[in-house]
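Order-wise, the sequence lines are chains V, Z, R and S.
Numbering-wise (our numbering), the first sequence opens with residue 129 and increments by one.
Numbering-wise (our numbering), the second sequence opens with residue 31 and increments by one.
Numbering-wise (our numbering), the third sequence opens with residue 44 and increments by one.
Numbering-wise (our numbering), the fourth sequence opens with residue 107 and increments by one.
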Amino acid sequence: MLKAFFHILIFPGLLFLFVFGFFAEYADRKLYARFQNRIGPPWFQPLADFIKLIAKEEIIPEEADVKFFKLMPVLALAASSVAILYIPIWGEQAVFSFNGDVIVVLYLLTIPTFAYFLGGWYSRSVYSMIGAVRSLTQLFAYEVPLFLCILASAMLADTWSLSGMVRFYSQHIGYWFCNIIGFGVALICLLGKLEKVPFDIPEAETEIVAGSFTEYNGRLLAFIRMSFNIETVAGASLLAAVFLPFGLNLPPAAAFLCYLIQVFLIIASISFLRALFARLRLDQMINLCWKYLAPLAFLQVLFNLTLKVVLPR
Amino acid sequence: MHESGDVKIPIGPQHPALKEPESFLISLRGEKITASSVRLGYNHRGIEKACEERTYTQGLYLIERICGICSHSHSTCFVQAVEEIAGLEVPARAKYIRTLIAELERMHSHLLWLGVAGHEIGFDTLLMYTWRDREVVMDLLAALTGNRVNYGINTIGGVRRDISSKQKEEILRAMDILEDRTKYYIDLAKGEATLIKRLQGVGILSHEDAKKLDAVGPTARASGIERDVRKDDPYAAYAELDFKVVSVNNCDVYGRTLVRLGELMESFNLARQVVRKIPEGPILAKPPRKIPAGEVVSRYEAPRGEDLHYVRSNGTEKPDRVKVRAPTLANIQSVSKMLEDRYLADMPIVIAAIDPCFSCTDRLVALRDAESEKKNTVAWETVRLKGIEWHKNRGTDFTSLNKKLTRLFQHA
Amino acid sequence: MSRPGKIARLLMQSIFKKPATLNYPAQKSGMPEGFRGKLKFNALMCIGCKMCMRDCPSGAIEIRKIGEKQFEAEINLAKCIYCGQCVDSCLKKALEITAEFELAKLDPAQLKVILNAGNTENPKG
Amino acid sequence: MNEEKIRQELEDKFSYLKDAVNIKRKGRIFAHVPLGEFNTVFAYAVEKMGFLALSAITGLDRGDGVFEVIYHLNKEGRVLLNLSVMLNKGNPEVNTVTSYCPSADIYERELMDLLGIKVNGLAPGHRYPLTDDWPQGEYPLRKDWKGIIPNKK
């Protein structure tokens, strides 16, 4: 019981996630700045921003549904924090695992998007509503290829548990290369999930101010930003566990270090990608997802199915 | 026309897509724009009226502050008008210096635009790089004129500062750097797929519409109208310089991007020619304090298009009427046309593509009554005290913090 | 040929380059020579013709007589637009511009600067 | 076509423009048109002489109870024809030219707001450039306008 509390609240739960989330934000912003030949923020900037927001007055729009408006950021934060418990980070075994937890993690990571949608919808501002609808529309575009890629990887490993997949891939390093298309597609889909350029359509600043979050401020905005950070960590950890599980069969400390490196690599690629492109339009984004990403993900599934038959176990 | 069933979203007066206050109302059906309308006037500062109450010298600095980006355009246009009324012969060297500053201003304005365009379509990396390179021109302008914006190089009868041979070398060096960079941006504009996807076919303004709505500057030139005051009605030293008018037939935002990039290349050329050809001589013809009566229309090709000033004098130290028609006012009327049947996502870039400058567009009238000023404006101190009081009631004492802050500032 | 991610090489190069931005209050780049900043007043040269007052577009400068052939200038830095017209208008070169531009103060009263023979640039208090 | 030809054509076509057309310099033609004949001359200049583009409309208060409205027309960006018309301050009225030049709309609204000139036939729309709550009867560009006296409360 005490151990469970420790896992949920301290490691790898909330406290660890907060710290790592801040680090993820810092790394992302710093790298983004360096890609653009800027200095970038100092290391404490994300923390300072968080404290500033927490200290601010909370303003709730008169028209908004107060209950939903307040609940949604917390829900998003909770859902993305829980996901980490099923992802192995200091060895081959996650804190909790069962056969099928990969599906649970995927859905847990979908909940924040829904929360943003509902939060935006219930804040009753035109910008928020347009942003909310956009984030939902976008969800249907990137979710399919993302799920397919992870499914393909799971099929090859013949298990529905993340811990199982890690165990399989760290024993069969060669198989990792088979999933390379899937990794690329999943990385791009992760950009959509995290609403980053080129898929920051739901919060396109120059069009709809801040999308779903236009009306959020103070503490609630701090929660939303935190949940984005944690979602970044969780999403990156998921991709790391599924597609880059090297070194996790080492002793815990070394394995944890490997995990940190993997997550950092994924965050670095995210900030590289977001410095690389212009924001797409919603119709172009959906086109891209269905015309290119989804077929590629299918290809990966077919490829892995064939592999499973051909290759010896 | 706006219909009642559609979602109406206000873009402005305060909106991240607009760098200045101006209000667009956009009707949406899904993501599609069904109607749009614009309300101008939020930046109305009473400059035209104020000019009537200032001497020509004072008015010049006010005119220069109509707009921060094209300040040289407005001031040159104004002094040209005044000089024409007064019959002043401006020395050739002064004309060349005006031309040089004008072209440097065009460079910084177009680079700035490119960055803003990048930002509007979510390509912040482009913004950062173009604005970094823009600093080269800004530094040059600061060194040549004494300020980064509002250069104050013009005065009635000539210019206020000469350029030295050392500065000439600096200009040439800067031109090489910038040309190199601009070539890269042209490459990027022609090769980056996401950029092209967002710009091509967006904000169409056909050749006929551009003519009908009297579009000016790059907006018109991107629709195949080869119109440039520098060529059509040469002023300053342009008649003696060799350049070509850049125009394309794309009719969309992409075309406007290409025109501006092409003009950048022409500007580098022009600046080099100025440095090579600039004659020796005086830079100022002494103007009379009282300008004889007369009326003049002066034109100038600002980075954003044709700038037109009408000045009427009545023989005193002060002008009788100054009318400013900034390029944006001519172009803004075509925005509704460009937004027809586009997506909401195209709205920022379509508006940005005419390079709007609303502070140029709106001028005029301020309430001058001192009494009303006292009543309407709340002093900064009052606001501060109110804020401190409010926080004190909630349990935070800012007075001690404020003391520390003040001390910190005094030390710095 | 158009393809996505054309800017990639530039991004990778930038990682290893010195950033173009400055960490402002700690690092300063300064302004070039001849930058139009705060005014400097040589009281000894002033003849009190008040041409500067007449030409100032914003009414920021006031020349006052404080004694026999002695003048002081009151400059309102909040009103001044740093155009330098007064320097051009001055018949005796009593006014000069300096490159000093960081003039912000917390208290607006401190922006009124009185310059005379005793202090040409920075008065105390 | 050079400026002299334009002047000749205008003077030949409209006898009342004799000596009213003035070439100030290359590319600048000023012409004073009687109020009653303005629409005919304007239409002729736009439709027959190819002055298709309207650069701006300037309104000004000449003092002595006379307003002047100047239409700056240009031909392919090269020649500016400035047609001016005098109005009586007591009853300043012009007809809209938006049917010839759609871009005139915003300049005409400016005339309405700043000088109080009535523009007949202008389609309804937002005012420009003053605020919606600007008091009635206050026209800032008139020479006798000296600011608004605030309501004493």
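The beta carbon of each residue, even a glycine, is placed where N, CA and C say it ideally should be.
Express the C-alpha separation of residue j and residue i in angstroms, rounding to a whole number.
i	j	result
R:Glu145	R:Asn119	15 angstroms
V:Leu159	V:Ser399	7 angstroms
R:Ser132	V:Glu185	52 angstroms
Z:His149	Z:Val167	20 angstroms
Z:Leu397	S:Asp170	Low confidence applies here, because Z:Leu397 scores a pLDDT of 40, under 50, leaving its location unreliable; read the following figure in that light. Approximately 25 angstroms between the Cα atoms of the pair.
Z:Asp169	Z:Ile39	40 angstroms
Z:Phe108	Z:Val327	9 angstroms
S:Ser209	S:Val203	9 angstroms
V:Ala368	V:Gly346	33 angstroms
V:Tyr297	V:Asn227	16 angstroms
V:Ala207	V:Glu343	22 angstroms
Z:Lys274	Z:Ser103	20 angstroms
Z:Glu61	V:Tyr244	19 angstroms
Z:Ile63	Z:Glu33	11 angstroms
V:Pro216	Z:Arg178	55 angstroms
S:Gly156	S:Lys181	6 angstroms
Z:Ser53	Z:Arg69	5 angstroms
Z:His237	Z:Ser253	5 angstroms
V:Ala155	V:Ile395	8 angstroms
Z:Leu157	R:Cys99	37 angstroms
S:Leu160	S:His138	17 angstroms
Where does residue i land, buried or exposed, given buried means 16+ other C-beta within 10 angstroms?
i	result
V:Gly310	buried
S:Leu141	exposed
Z:Gly345	exposed
R:Met55	exposed
S:Ile176	buried
Z:Ala400	Confidence at Z:Ala400 is low in this model, with a pLDDT of 37, below 50, so the placement of that residue should be treated as unreliable; the coordinate-derived value is given next. Z:Ala400 comes out exposed.
Z:Ala332	buried
V:Ala381	exposed
Z:Pro248	buried
V:Leu385	exposed
Z:Thr407	Low confidence applies here, because Z:Thr407 scores a pLDDT of 44, under 50, leaving its location unreliable and the question unanswered by this model.
S:Glu110	exposed
S:Thr164	buried
Z:Arg136	buried
What residue range is occupied by the uninterrupted alpha helix (DSSP H) comprising residue i?
i	result
Z:Arg228	Ala223 to Leu229
S:Ile112	Glu109 to Lys119
Z:Gly285	Val283 to Lys307
Where do the N-terminal and C-terminal ends of the beta strand (DSSP E) with residue i fall, by residue?
i	result
S:Leu193	Val185 to Asn194
Z:Leu58	Ser53 to Arg59
V:Val313	That residue, V:Val313, is in no beta strand (DSSP E); its alpha helix (DSSP H) goes Ile308 to Lys321.
R:Val156	Lys155 to Leu158
S:Ala162	Ala159 to Gly169
Z:Pro349	Pro349 to Arg355
Z:Val179	No beta strand (DSSP E) holds Z:Val179; DSSP gives it neither H nor E.
Z:Tyr65	The identity of residue 65 of chain Z in the sequence shown is Ala, whereas the question assumes Tyr. Run containing Z:Ala65: Lys62 to Arg69, per the beta strand (DSSP E) assignment.
Z:Arg257	From DSSP, Z:Arg257 is part of no beta strand (DSSP E); its letter is neither H nor E.
S:Lys224	Lys224 to Asn226
According to DSSP, what are the bridge partners of residue i?
i	result
Z:Glu331	Z:Glu336
Z:Leu126	Contrary to the premise, residue 126 of chain Z reads as Tyr rather than Leu in this sequence. Answer by DSSP bridge pairing: none, since Z:Tyr126 is not bridged.
Z:Ile39	Z:Ile56
V:Lys180	Beta-bridge pairing links V:Lys180 to no other residue.
S:His138	S:Ser190
S:Tyr177	S:Ile163 and S:Leu189
R:Glu139	R:Lys83
R:Gln113	R:Gly110
Z:Leu314	Z:Gly188
For residue i, verify whether its CB is less than 7 angstroms away from any heavy atom of the ligand MG.
i	result
Z:Thr155	As far as ligands go, the structure on display features none, and thus does not contain the ligand MG.
Report yes or no: do the stretch 203 to 211 of chain Z and the stretch 146 to 166 of chain Z share at least 3 C-beta pairs separated by less than 8 angstroms? yes
Okay, do the stretch 245 to 255 of chain V and the stretch 185 to 198 of chain V touch, 3+ Cβ pairs below 8 angstroms being the bar? yes
Would you be able to state if there are at least three C-beta pairs under 8 angstroms between the stretch 248 to 257 of chain Z and the stretch 185 to 203 of chain Z? no
Do the stretch 349 to 367 of chain Z and the stretch 128 to 148 of chain Z touch if we need at least three Cβ pairs shorter than 8 angstroms? no
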